[in-house]
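Engineer: Below is the structure I would like to discuss, written out as structure tokens.
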Amino acid sequence: FARSVEASQRSNFTTLAGLLAGIVLAAASEGDAASAAIMASQAAALDSQLRYSRLHEKEADRLGMKTLVDAGYPAESAALMFKQMLNASRLYGNRMPEFLLTHPVTESRIADASNRARQLPSTTNVPSLDYLLIKARITALGKVPGKESTEESAKEHIKRFRLALEKLSTPEPSSPTNSNVPAELARSAAHYGLALSYLENRQWRKARKTLAPLLKQAPNKLAYILLDIDIDIEAGDSKRAEKRLHELNTTMPNNYAISMALAQTMLSNTDYKDAQKVLQSLTKTRPAQADVWYLMSETHGLAGDILQLHQARAEFFLLRGNFSQARQHLTTALHFSKNNYQIAARIKERIRDVNSLQQLTENL
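Sequence positions in the sequence shown follow the numbering used here and run 1 to 364.
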């Protein structure tokens, strides 16, 4: 910014000189020449400003890339990000986001970033175990195209994870998806995915046997513990599962995964009031989590609390951008509030919030 101010001050003299020349010509009754001189001086000033901006944007990219590489990030990521931004910009048409208007992404900028990346030291981005476990979980819970039921998809996933483990047991183990993943991490993720796939196929004994080595290796790993608790539930021991989740919730209160699992287990055990308390606490720490509000509304319904059911369902629809449904549920909740002035006042205020948000969204 300071450099742009300094450059602007230097260019002001040239611009002023051009304007003065135009004024002199205008005074001499040279109308067309005066207009041309003034327009030329303004165009020159704008061209100088743009060239200066592009020059120092290149410098900013260079310094930014060096900072990222020094922090351990791959140098190639900058060019990849620019490519993604360029591809995204083509979808906007004439309604470009302001950031892309003031910071245009061009083919030359992408080429510059790629050239700089080749000159900088390369870094190897090794995925963490948590990332690999989440990736394996998404795979195990995903539906395979052409498979109708969860069990059919699970059988296909079982084959894939077993094949991955076979490849990892070769003399030169490598990840089936990414060669820079250490074999030990890839093996743990594959075992986790296989155990989860067995569970999805209702083979809880095989799931527990597959998970056992992971729990022995890392007994405090939350992903392993939660999967083991899910196996308890599938094995018909939901009371033990609820007890274990209670202990975890005491140690890590308002943890999303633990709280949701605890609430769902309480619902299966018909402990509706306790589930309400757990979810009520979770909505305070995660007010923008739509699935929390959905489960909250289901819990209120099972507990017979119709007023709070509609309030929670309204929050769910509001987070989904369905303003009419949100307003409808709040109106129904207002009817059930009866003579409770404080609750009715809060509901009316929330209806006004919904109307304001809808108007704001429509004006975008």
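The C-beta atom is built at its ideal place from N, Cα and C for all residues, glycine as well.
1) I'd like the span of the alpha helix (DSSP H) that includes residue 288, first residue to last.
2) Grab the span of the alpha helix (DSSP H) containing residue 354 for me, first residue to last.
3) Does the beta-carbon of residue 320 have 16 or more other beta-carbons within 10 angstroms, so that it is buried, or is it exposed?
4) Just how far apart, CA to CA, sit residue 242 and residue 260?
5) What residue range is occupied by the uninterrupted alpha helix (DSSP H) comprising residue 184?
6) From what residue to what residue does the alpha helix (DSSP H) around residue 213 run?
7) Can you give me the Cβ contacts of residue 198 inside the same chain, cut-off strictly under 7 angstroms, excluding the 5 residues immediately before and after it?
8) Quick one: residues in its chain with C-beta nearer than 8 angstroms to the C-beta of residue 204, no 5 flanking neighbours on either side, listed in chain order?
9) Straight-line CA distance for residue 87 to residue 295?
10) Hey, residue 272 and residue 302 are a contact pair by Cβ (cut 8 angstroms); roughly how many whole angstroms apart?
11) Out of 269, 181 and 312, point me to the one whose CA is closest to residue 300's CA.
12) Starting from the C-beta of residue 285, find all residues in its chain whose C-beta is less than 8 angstroms away, skip the five residues before and the five after it, and write them out in chain order.
13) Cβ atoms of residue 135 and residue 201: under 8 angstroms apart, would you say?
14) If the criterion is Cβ atoms closer than 8 angstroms, does the pair residue 344 and residue 334 meet it?
15) Counting only the same chain and skipping the five closest in sequence on each side, list residues whose C-beta sits under 6 angstroms from that of residue 224.
16) Between the Cα of residue 221 and the Cα atoms of 188, 350, 246 and 194, which residue gives the shortest distance?
Structural biologist: Concretely, from the data shown:
1) The sequence position of residue 288 within the sequence shown is 288, counting from 1. Segment: none, residue 288 is in no alpha helix (DSSP H) and carries neither H nor E.
2) Taking the first residue of the sequence shown as 1, we reach residue 354 at position 354. It spans 341 to 362 - the alpha helix (DSSP H) in which residue 354 sits, taken as one unbroken run.
3) Stepping through the sequence shown from its first residue, residue 320 is reached at position 320. By the neighbour-count rule (16 or more Cβ atoms within 10 Å), residue 320 is not buried but exposed.
4) Counting from one through the sequence shown, the residue named residue 242 turns up at place 242. Counting from one through the sequence shown, the residue named residue 260 turns up at place 260. If I take the Cα positions, the gap works out to 12 angstroms.
5) For the purposes of this step, residue 184 is identified with residue 184 of the sequence shown, where counting begins at 1. Here the alpha helix (DSSP H) through residue 184 covers 183 to 200.
6) Start at 1 with the first residue of the sequence shown, and residue 213 comes out as number 213. Note, residue 213: alpha helix (DSSP H), 204 to 217.
7) For the purposes of this step, residue 198 is taken as the residue at position 198 of the sequence shown. 158, 206, 207 and 210.
8) In the sequence shown, residue 204 corresponds to position 204, counting from 1. Here the set comprises 198, 231, 234 and 235.
9) As a first step, residue 87 is located in the sequence shown; it is residue number 87 there, counting from the start. As a first step, residue 295 is located in the sequence shown; it is residue number 295 there, counting from the start. Computed Cα separation, rounded: 37 angstroms.
10) For this step, residue 272 is matched to residue 272 along the sequence shown. For this step, residue 302 is matched to residue 302 along the sequence shown. Their Cβ separation, rounded to whole angstroms, is 5 angstroms, which keeps residue 272 and residue 302 in contact under 8 angstroms.
11) Residue 300 sits at position 300 when you count from the first residue of the sequence shown. For the residues 269, 181 and 312, the minimum Cα distance to residue 300 belongs to 312.
12) Counted from its first residue, the sequence shown places residue 285 at position 285. Here the set comprises 254.
13) Counting from 1 along the sequence shown, the entry for residue 201 is found at position 201. Counting from 1 along the sequence shown, the entry for residue 135 is found at position 135. In this structure, residue 135 does not lie closer than 8 angstroms to residue 201 by Cβ.
14) The count along the sequence shown starts at 1 and reaches residue 344 at position 344. The count along the sequence shown starts at 1 and reaches residue 334 at position 334. Their beta carbons are under 8 angstroms apart, which means residue 344 touches residue 334 by this criterion.
15) Working through the sequence shown from its first residue, we reach residue 224 at position 224. Excluding residues within five positions, the ones whose Cβ falls inside 6 angstroms are 214 and 215.
16) Here residue 221 corresponds to residue number 221 of the sequence shown, with the count starting at 1. Residue 221 has its Cα closest to that of 188, out of 188, 350, 246 and 194.
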